[in-house]
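Everything in the sequence shown is counted per my numbering, starting at 1153 for the first residue and increasing by one.
Ideal placement from N, C-alpha and C gives every residue a C-beta, glycine not left out.
To start, the structure itself, in structure tokens.
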Amino acid sequence: MQKPKSVEAYLESLPEERRSALQKLRETIVAAAPEAEEGITYSMPGFLLNGRGFVSYAAFDDHYSFFPMSSKAIDAHRDELGSRVTGKGTIRLEYGRPLPTALVKKVVRTRLAEATAKRGGQVESRACHFRRTKECLMPATSRCRAASPCATSRS
């Protein structure tokens, strides 16, 4: 598979079932780590923190995977993740089954704490996603927590 040029291009290339599952995962990650910047990392859609790979995800034929890029983040929640952990750094999720959003948020927040500690507690604020892409990712029930929220921020 060729490296996608953008997250949007990657998602647009997927069938609806796969795209909607990844969109839900994407929104969950944004809610848990609003300071992370969306981009392509390791040839997959994901998020970067201070310009480095933070978490990523990808669609496959019969499942989709979430990659926290940290065995420590997976180990911290291994009991809750159960059989979803299929490799050293892979969390396998099934199409057609509800996304365990609370669990994904826990893993992302654990990963965020780890990445922040590695960088001496410094995390750059991400620019508002809307300003970069003209598409607000914040769910209708959320309030934008970017350093300077866009005009579409929800109250």
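Residue i versus the options, residue with shortest Cα-Cα distance
i     : options                    : result
A1210 : A1269, K1270, K1155, A1267 : K1155
D1214 : T1193, S1158, V1159, E1169 : E1169
V1256 : F1219, I1192, K1240, P1167 : F1219
G1248 : S1172, R1204, R1271, V1159 : S1172
K1240 : S1217, A1267, G1191        : S1217
R1261 : E1164, L1174, A1185        : A1185
P1176 : P1252, Y1194, E1164, A1161 : The residue asked about is misnamed: residue 1176 is Lys in this sequence, not Pro. Of the listed residues, the one whose Cα sits closest to K1176 is P1252.
P1250 : L1174, F1212, S1165, E1164 : L1174
Beta-bridge pairing of residue i - partner residues as DSSP gives them
i     : result
L1200 : E1189, G1205
A1211 : Y1216
V1237 : I1243
Collapsed DSSP secondary structure at residue i in the structure displayed
i     : result
S1217 : strand
G1118 : It is not possible to answer for residue 1118, since the shown part of the chain is limited to 1153 through 1307.
S1195 : coil
S1223 : helix
Boundaries of the beta strand (DSSP E) in which residue i is found, first to last residue
i     : result
L1245 : 1242-1245
Delimiting residues of the alpha helix (DSSP H) encompassing residue i
i     : result
K1157 : From DSSP, K1157 is part of no alpha helix (DSSP H); its letter is neither H nor E.
L1233 : 1230-1233
L1255 : 1253-1270
S1172 : 1168-1184
Residues near residue i by beta carbon distance below 8 Å, same chain, minus five either side
i     : result
A1188 : I1181, V1182, F1199, L1200, L1201, F1206, V1207, L1264, R1278
L1233 : I1226, I1243, L1255, V1259
Residues near residue i in its chain [Cβ-Cβ closer than 7 Å; skip 5 each side]
i     : result
D1227 : none
Own chain partners of residue i with C-beta closer than 6 Å, once the 5 adjacent residues on each side are dropped
i     : result
R1236 : I1243, R1244
V1259 : P1220, A1225, H1229
T1238 : R1244
G1191 : L1200
Residue i beta carbon near the ligand MN (any heavy atom closer than 8 Å)
i     : result
L1166 : As presented, the structure is devoid of all ligands, the ligand MN included, so that no description of it is given.
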